[in-house]
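The sequence shown begins at 325 in our numbering and counts up by one. For every residue, glycine included, the Cβ atom is placed at its ideal position computed from N, Cα and C. What you are looking at is a predicted structure, and each value in this text was computed from that prediction instead of being measured. Here the structure is laid out as structure tokens; the discussion comes afterwards.
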Amino acid sequence: MKINREKALPQMTNQNMDARGDERQSSRAKIESDKPPAADQTPIADDLLQGMPAIAAFYGMPVRKAYHLAAHGNLPGTFKIGKIIYLSKSAAREIIAQKARGGAA
325 MKINREKALP
335 QMTNQNMDAR
345 GDERQSSRAK
355 IESDKPPAAD
365 QTPIADDLLQ
375 GMPAIAAFYG
385 MPVRKAYHLA
395 AHGNLPGTFK
405 IGKIIYLSKS
415 AAREIIAQKA
425 RGGAA
């Protein structure tokens with residue numbers, strides 16, 4: 325028995341493909357609109373410095389001194405995840421501004 329492929333399989337027309345594309349676009353738009361807006365619209369990667377050489381450069385000091393200050397808890401905005409030290413630039417600026425105004429940080 326010979327199968328007629330034209331009758332067995334529905335033909336995809338441009339109209340069918342356009343309708344599917346519209347459905348996909350509307351579902352993508354719905355998913356993107358469900359995302360909560362970021363607080364400051366800045367990616368976190370732009371705010372973080374990774375590693376002590378980058379952190380020391382941010383503060384304008386030698387790397388060894390930055391390690392010493394961080395070890396004693398005197399380097400504002402730094403934190404560790406595993407063995408890597410990070411700096412939140414926005415947190416560091418805020419803490420430094422508080423200290424400059426005479427507040428405790």
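First through last residue of the beta strand (DSSP E) which encompasses residue i
| i | result |
| --- | --- |
| K399 | Note that residue 399 is Leu in the sequence shown, not Lys. Note, L399: premise wrong, no beta strand (DSSP E); not H, not E. |
Where residue i falls: helix, strand or coil (DSSP)
| i | result |
| --- | --- |
| K423 | helix |
| K389 | helix |
Segment limits, alpha helix (DSSP H) that includes residue i
| i | result |
| --- | --- |
| P377 | 376–383 |
Beta bridge counterpart(s) of residue i as assigned by DSSP
| i | result |
| --- | --- |
| I368 | DSSP output for I368 lists no bridge partner at all. |
| S412 | L372 |
| K404 | I409 |
Residue nearest to residue i in terms of C-alpha spacing, selected from the options
| i | options | result |
| --- | --- | --- |
| I420 | N398, A390, L373, I368 | N398 |
| Y391 | G426, G375, I405 | G375 |
| I409 | E418, A380, P367, I368 | A380 |
| T402 | L372, G427, A424 | L372 |
| K407 | A395, P400, Y383, D370 | A395 |
Heavy atom of the ligand FMN within 7 Å of residue i beta-carbon
| i | result |
| --- | --- |
| A416 | Looking for the ligand FMN in the displayed structure turns up nothing, as the structure carries no ligands at all. |
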